[in-house]
Amino acid sequence: MIQLNERTRRISPSRLHEVLGRYDARSIVDPFMGVPTHLNYLKRHGLAVHGGDVVEWFVRVGEGLISNDFTILRDSEVAEIVEMIPGRIYSADMFKAWEGVFFTEEQCIYLGVWHENVHNLRSDGQTGLAILGLWFVLCYWLQKAQYPDDMQDIPPSELAWNYIRQTDKWVSSNLQHNSVRHADVLTTISAQTADALFLAPPARNSFRSADARIWMWEAWWQANPYFNIEHYYRETLFGTHSTDDQGYARAMASVLSAAADYPLIVMQTTEQRVPELEPLLRNARSEIEVYSPHALETYLIAAK
Amino acid sequence: MTLFQDTGANPSPSASALADLLSLFGAIADFAVGSPRRHSRRIASLSLALAETAELSNEEQHALAFASLLHGIGALGNSAYRKHDPLSSRSAQISSWDVPPEGARICGALTMLPKDTADYVRWHAESWDGTGYPDQLRWHGTPRAAQLIHIAHTYLEAGEAEDGLAKIVSLGGMAFSPELTRSFVMWFHTNSGEIAVRPLPAEVLTTYPNAANDLLNLVADRIDLHNAAPGRWQRVAARAGRTAEELKLGAGERETLELATRLFGIGELRADTLESQDFDALSTLGRDERAQNAVAAADLLDPFEALQSVAATLRARAEWFDGTGLPNGLRHEAIRIEARVLAPCIAYDALEQSARAQVRSERIVPLERIEDASGTQFDPAVVRAHSEVAPTLI
Numbered sequence: 001m002i003q004l005n006e007r008t009r010r011i012s013p014s015r016l017h018e019v020l021g022r023y024d025a026r027s028i029v030d031p032f033m034g035v036p037t038h039l040n041y042l043k044r045h046g047l048a049v050h051g052g053d054v055v056e057w058f059v060r061v062g063e064g065l066i067s068n069d070f071t072i073l074r075d076s077e078v079a080e081i082v083e084m085i086p087g088r089i090y091s092a093d094m095f096k097a098w099e100g101v102f103f104t105e106e107q108c109i110y111l112g113v114w115h116e117n118v119h120n121l122r123s124d125g126q127t128g129l130a131i132l133g134l135w136f137v138l139c140y141w142l143q144k145a146q147y148p149d150d151m152q153d154i155p156p157s158e159l160a161w162n163y164i165r166q167t168d169k170w171v172s173s174n175l176q177h178n179s180v181r182h183a184d185v186l187t188t189i190s191a192q193t194a195d196a197l198f199l200a201p202p203a204r205n206s207f208r209s210a211d212a213r214i215w216m217w218e219a220w221w222q223a224n225p226y227f228n229i230e231h232y233y234r235e236t237l238f239g240t241h242s243t244d245d246q247g248y249a250r251a252m253a254s255v256l257s258a259a260a261d262y263p264l265i266v267m268q269t270t271e272q273r274v275p276e277l278e279p280l281l282r283n284a285r286s287e288i289e290v291y292s293p294h295a296l297e298t299y300l301i302a303a304k
Numbered sequence: 305m306t307l308f309q310d311t312g313a314n315p316s317p318s319a320s321a322l323a324d325l326l327s328l329f330g331a332i333a334d335f336a337v338g339s340p341r342r343h344s345r346r347i348a349s350l351s352l353a354l355a356e357t358a359e360l361s362n363e364e365q366h367a368l369a370f371a372s373l374l375h376g377i378g379a380l381g382n383s384a385y386r387k388h389d390p391l392s393s394r395s396a397q398i399s400s401w402d403v404p405p406e407g408a409r410i411c412g413a414l415t416m417l418p419k420d421t422a423d424y425v426r427w428h429a430e431s432w433d434g435t436g437y438p439d440q441l442r443w444h445g446t447p448r449a450a451q452l453i454h455i456a457h458t459y460l461e462a463g464e465a466e467d468g469l470a471k472i473v474s475l476g477g478m479a480f481s482p483e484l485t486r487s488f489v490m491w492f493h494t495n496s497g498e499i500a501v502r503p504l505p506a507e508v509l510t511t512y513p514n515a516a517n518d519l520l521n522l523v524a525d526r527i528d529l530h531n532a533a534p535g536r537w538q539r540v541a542a543r544a545g546r547t548a549e550e551l552k553l554g555a556g557e558r559e560t561l562e563l564a565t566r567l568f569g570i571g572e573l574r575a576d577t578l579e580s581q582d583f584d585a586l587s588t589l590g591r592d593e594r595a596q597n598a599v600a601a602a603d604l605l606d607p608f609e610a611l612q613s614v615a616a617t618l619r620a621r622a623e624w625f626d627g628t629g630l631p632n633g634l635r636h637e638a639i640r641i642e643a644r645v646l647a648p649c650i651a652y653d654a655l656e657q658s659a660r661a662q663v664r665s666e667r668i669v670p671l672e673r674i675e676d677a678s679g680t681q682f683d684p685a686v687v688r689a690h691s692e693v694a695p696t697l698i
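Here the protein sequences line up with chains A and B, keeping their order. First residue of the first sequence: 1, per my numbering; consecutive thereafter. First residue of the second sequence: 305, per my numbering; consecutive thereafter.
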């Protein structure tokens, strides 16, 4: 059975919003975006938000939640995602490699069907919403494999329907330009200007222990069950060149140097990592406020 | 306020009195959003029972007790619930997602609460799978205590015990973590789904000299925000306080009056508009509505022993001096003196706010109108005292 991390990063956008409010920041860039639900929250509260990531499915979801202001999926369109469409050709063994290892035969067939159906959607916004909704299904299945007696057996298409329908509620407009880009951290930082830069930097070598729910969904999006997310990071700033302390410090210095023009930098980390990250940030900014509402949620706030 | 002061020389309110006031705050929030009476208290009891089954630490249980009690206070003043032009259902839904963080901000300002209370309030509506609100936290990102509030809330919303069980089991691995779903099922079968009332761990509250005052002022601010009547309690309190001084009321009466000025607005929380917007503050037509609001406020305070005199004052604040008022048709001295003082002060404020909204040339002087109602609606002695002090309050 696959191991699911107990602790993944906790980003509380409502708390981040309070921090940003104290500095009157009305726009934000997050170059390590991940699943951009936090940016969606900030967007809903009126901030102009810009995100970037090297993992493609995060960016596609961002096209559904961040750059998309109005597009939703109607019932008929959801129906065209969750079930086979007569006349469309499906590859029955696209995810056969996962069968019996992570998923059942039926689940693997559905993963293939959904992959085809989502790739046939007409707009980026709809595609992003569908990817997010179906990701919740993947997570449900992986959890259920761990807790078979504590979770309901729900037919795949019904589960997918329920989750995709839920994504609609997060679509909103804030009358601002909001964007996401499929790019490395430095590119995202340089491509955009904003009042604040939000950094939740990955731990050293963290790409080697990426959560299964993250890498697996990229593998699904790329239709390659053998996909290794390490490929994405290998040549990036936080890839193989930053596996030791010095390399990691150099990478962070590059990020902070690229961020020199941002009036505010908010770095989120854990209390445990403060001794490692605070000196790096102090090299770039002299005044740093440490706000730590919780051991797992510490903010290093550096105004210019 | 001495009403909540500890016995002996300690100038701080007793911890149990603070716990009562916090319970009242929870009850007011329940009332504002239409939840059943004692809803938050029942959620607190169930959350604590579940916390024992799930073996949460004592520290977590202490914060959980107050977080579950106060989980809904962010609704007071939230635009999905407060008085103003109605929002579309979608806008209201989006606004309602801000109830938990607003509640967390309020709890953050209440320094008497145990550590982590605010966080549990912030995250009590998160779902295990990441589809909750406000932060869409996923999996173990939501503290277990916060998840228990969500479970307790869902169980009570379902109504019948068996429906609640079915609902929670069906949401295992979606809204709730599989482990805590299992804990709930264990609790359900051990207790047949019956919620036993549990005492709040008042002893963990941090009390200090102004704690009760700070809390009541904050409650009053939220009531005014919800009623779209900013600053109202302060204006009425200043007027009532000066009038009480002029009448040389005793310390106990003045304290009751002080509390009543902070809490009289709770009766109006559920109404679409303020009573003074529907009917003139001196009109006989508004008697029913004023009495209804007075009774609603008093009913909310009734369960709290230390607030009995305030409840009686609020219940009587819509009575008329000549005996033609409601709800009980009391007359003259049968109406508590605190209520006789409170009534013209509320009416004056309503008239003054209404006059401010009108063109200057059409303004009616509120003081004259209050004096005109002397002997009928209001106690003449109180009106005289009020007229004496009124110039000093402008």
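Every residue, glycine too, gets a C-beta built ideally from N, C-alpha and C.
Beta-carbon proximity list for residue i, same chain, < 8 angstroms, skipping 5 on both sides
{"i": "Glu363/B", "result": "Pro418, Lys419 and Asp420"}
{"i": "Leu519/B", "result": "Leu322, Leu325, Leu326, Phe329, Leu414 and Met416"}
{"i": "Val274/A", "result": "Val290, Ser292, Thr298 and Leu300"}
Rounded C-alpha distance that separates residue i from residue j
{"i": "Ala92/A", "j": "Gly112/A", "result": "7 angstroms"}
{"i": "Tyr147/A", "j": "Leu618/B", "result": "54 angstroms"}
{"i": "Arg644/B", "j": "Thr696/B", "result": "20 angstroms"}
{"i": "Ser691/B", "j": "Leu551/B", "result": "12 angstroms"}
{"i": "Ala610/B", "j": "Ile570/B", "result": "18 angstroms"}
{"i": "Val403/B", "j": "Gly330/B", "result": "13 angstroms"}
{"i": "Ala25/A", "j": "Phe95/A", "result": "45 angstroms"}
{"i": "Asn205/A", "j": "Tyr233/A", "result": "10 angstroms"}
{"i": "Trp141/A", "j": "Tyr110/A", "result": "12 angstroms"}
{"i": "Tyr713/B", "j": "Leu671/B", "result": "As displayed, chain B neither begins before 305 nor continues past 698, which places residue 713/B out of reach and without an answer."}
{"i": "Ala259/A", "j": "Asn40/A", "result": "22 angstroms"}
{"i": "Val180/A", "j": "Val54/A", "result": "11 angstroms"}
{"i": "Val687/B", "j": "Thr357/B", "result": "59 angstroms"}
{"i": "Cys108/A", "j": "Ala223/A", "result": "12 angstroms"}
{"i": "Ser349/B", "j": "Phe492/B", "result": "14 angstroms"}
{"i": "Trp114/A", "j": "Ser242/A", "result": "37 angstroms"}
Residues that residue i contacts on chain B, provided the C-beta gap is smaller than 9 angstroms
{"i": "Phe136/A", "result": "Asp433, Gly434, Thr435 and Met478"}
{"i": "Cys108/A", "result": "The premise fails here: Cys108/A is roughly 20 angstroms from chain B at the closest Cβ pair, so nothing lies under 9 angstroms."}
From the options, residue whose alpha carbon lies closest to that of residue i
{"i": "Leu20/A", "options": "Glu289/A, His294/A and Pro275/A", "result": "Glu289/A"}
{"i": "Pro36/A", "options": "Ala25/A, Gly52/A and Arg26/A", "result": "Gly52/A"}
{"i": "Arg56/A", "options": "Glu230/A, Asn228/A, Phe238/A and Glu218/A", "result": "Arg is not the amino acid found at residue 56/A; the sequence shown has Glu there. Of the listed residues, the one whose Cα sits closest to Glu56/A is Glu218/A."}
{"i": "Ala203/A", "options": "Leu47/A, Pro293/A and Tyr248/A", "result": "Tyr248/A"}
{"i": "Arg345/B", "options": "Cys411/B, Val473/B, Pro503/B and Ser658/B", "result": "Pro503/B"}
{"i": "His366/B", "options": "Arg543/B, Ser327/B, Ala449/B and Pro390/B", "result": "Ala449/B"}
{"i": "Asp439/B", "options": "Asp467/B, Ser400/B and Lys471/B", "result": "Ser400/B"}
Sequence-distant residues of its chain with Cβ nearer than 6 angstroms to residue i (five each side left out)
{"i": "Glu623/B", "result": "Gly629, Leu634 and Ile639"}
{"i": "Gly407/B", "result": "Ile377, Gly378 and Val425"}
{"i": "Thr446/B", "result": "Trp427 and Glu430"}
{"i": "Asn5/A", "result": "Asp211"}
{"i": "Pro631/B", "result": "Ala595 and Val599"}
{"i": "Pro225/A", "result": "Phe95, Ala97, Trp98 and Ala219"}
{"i": "Thr680/B", "result": "Asp626"}
{"i": "Asp168/A", "result": "Ile72"}
Cβ-based neighbour list, residue i, same chain, cut-off 7 angstroms, excluding 5 preceding and 5 following
{"i": "Ser123/A", "result": "Thr71"}
{"i": "Arg10/A", "result": "Leu296 and Glu297"}
{"i": "Ala323/B", "result": "Leu504, Ala506 and Leu509"}
{"i": "His388/B", "result": "Ala532"}
{"i": "Lys471/B", "result": "Thr458 and Ala462"}
Within chain A, the residues that residue i reaches when beta carbons sit closer than 8 angstroms
{"i": "Ser474/B", "result": "Gln152"}
{"i": "Asp423/B", "result": "Pro293 and His294"}
Chain-ordered neighbours of residue i on chain B, where CB pairs are closer than 7 angstroms
{"i": "His231/A", "result": "The premise fails here: His231/A is roughly 25 angstroms from chain B at the closest Cβ pair, so nothing lies under 7 angstroms."}
Below-9 angstroms beta-carbon distance, residue i vs any chain D residue
{"i": "Tyr299/A", "result": "Reference to chain D is not applicable here, since the protein chains of this structure are A and B."}
Partners in chain B for residue i, counting only beta-carbon separations shorter than 8 angstroms
{"i": "Arg10/A", "result": "Leu441 and Gly445"}
{"i": "Lys304/A", "result": "What Lys304/A touches in chain B: nothing, since even the nearest Cβ is about 27 angstroms away."}
Proximal residues of chain A, C-beta to C-beta of residue i below 7 angstroms
{"i": "Pro405/B", "result": "Ser14"}
{"i": "Pro684/B", "result": "What Pro684/B touches in chain A: nothing, since even the nearest Cβ is about 52 angstroms away."}
Requested in this report: Can you give me, in chain order, the residues of the region 31 to 49 of chain A that have a beta carbon less than 9 angstroms from any beta carbon in chain B?
Outcome: Val35, Thr37, His38, Asn40, Tyr41, Arg44 and His45
Output, in sequence order along the chain, the residues in the region 451 to 464 of chain B whose CB is closer than 7 angstroms to any CB in chain A. none
Next item on the list: Closer than 9 angstroms, Cβ to Cβ, to anything on chain A: give me those residues from the region 371 to 398 of chain B, in chain order.
Entry: Arg394, Gln397 and Ile398
Requested in this report: Using a Cβ-Cβ cut-off of less than 7 angstroms, list which residues of the region 479 to 497 of chain B approach chain A; keep chain order.
Outcome: Pro482, Thr485 and Arg486
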